[in-house]
Amino acid sequence: MNPLAAAARSGTRRGLVEFRQSFVTTTDIFAAVFPTVILLVVMIFMRGATIGQTGFSLGTMSLSSVLGMTVAFNGMVTVSQQLAVEREDGTLLRAKAIPNGMFGYLIGKIVLVACLSVVSVLALLIPGTFLFDGLALTSVGAWLTLIWVLALGLIATMPIGAVLGSMFENPRNVGIMMLPIMGLVAISGIFGPLGEMSGWMQVLGQLFPIYWLGLGMRSALLPDSMAAVEIGGSWRTLETIGVLGIWAVIGLIVAPMVMRRMARRESGASMTERREKALQRIT
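The letter at position 63 of the sequence shown is residue 63 when you use the UniProt record's numbering, and the numbering goes up by one with no holes.
Right, dumping it as structure tokens:
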């Protein structure tokens, strides 16, 4: 078997094993379920509000946008956390020591995050279909749009997560990223139309993938008439593909370079030094 194919197969198995292990303890299940429940409760309280003069539920619109936000979080935050933790515990160093180990490692992370993203989306979408009125899920086109937005969104955001995770030697510092990411969520039209925000927020929000993931999910799940409240009065499908595609291309160029540089710096001595610092903080 081709060495790369063998590494890809091994990485796929590893990703699936890690995915199963994500739901084997009460703590893991709680960590996965709690944010979903909180989001659903928040959007239930938003059901009575409407968007402008449309009479359409703000809760239903927010549900669609939150699905895009969830994909972005899995791509950026989950990847960065996994990379930072496994850099400290030596997993990355062991992968580096195996022929094509880094390639298999990356395949494993792609499989893991893709599976987690699908589960996260379904965990919101399935109860959402019963709790919120107005979702347009009856056509094949809606499901196809949802699938390509999810796939392209992961390709666009996972390299960002890899770059961010490579920047932190201490996994505890990864939480610092949550502040700017939550700031981006606030100006990305997730919980309200971006067109109602000030001009500079509209420009800034459209520079990043979170807005376009939310827009793509809304185009998949909401009636066509709701495109009128979006910027430009349309779903801007080509623009969504273009912006997410640009982020994907940039990320796929930059992320491997950053990760190779990080891997070259990994050694037993550096890992031991990080462990000693961690033990000093504990004691």
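Ideal Cβ placement from N, Cα and C applies to all residues, glycine included.
Under the three-state reduction of DSSP output, T50 falls in the strand class. In the DSSP assignment, S57 forms a beta bridge with T50.
Between E18 and G104, the C-beta spacing is not below 8 Å. Spatial neighbours of V254 in its own chain (CB-CB distance under 8 Å, excluding positions within 5 residues in sequence) are listed in chain order as P159, V163.
Classified as buried, I210 has 16 or more neighbouring CB atoms from the shown chains inside 10 Å of its CB. Apart from sequence neighbours up to five positions away, the residues of its chain that approach Q202 with a beta-carbon distance below 6 Å are L194, ordered along the chain. Close CB contacts of P223 within its chain, under the 6 Å cut and outside five residues either way in sequence, are with A136 (chain order). Contact fails between the region 33 to 48 and the region 143 to 152, because fewer than three Cβ pairs, one in each stretch, are under 8 Å apart. In this model, I51 and L63 are separated by some 14 Å (Cα to Cα). Proximity to A248 across W212, G134, P127 peaks at W212, based on C-alpha coordinates. Within the same chain, Cβ atoms closer than 7 Å to the Cβ of L244 are found at L152, G153, A156, P209, W212, the five residues on either side in sequence being excluded.
Within the model, the alpha-carbon separation for R87 versus F56 is close to 47 Å. Setting aside the 5 residues that flank it on each side, V185 is surrounded in the same chain by M69, I210, each with a C-beta closer than 7 Å to its C-beta; the list follows chain order.
Secondary structure note for D224: it is in no alpha helix (DSSP H), with a DSSP letter that is neither H nor E. About 6 Å separates the beta carbons of V79 and V113, which is inside the 8 Å limit, making them a contact pair.
Counting only residues of its own chain and dropping the five nearest sequence neighbours on each side, G11 has a CB closer than 6 Å to the CB of G104, I107, G108. Counting only residues of its own chain and dropping the five nearest sequence neighbours on each side, T26 has no CB closer than 7 Å to any other CB.
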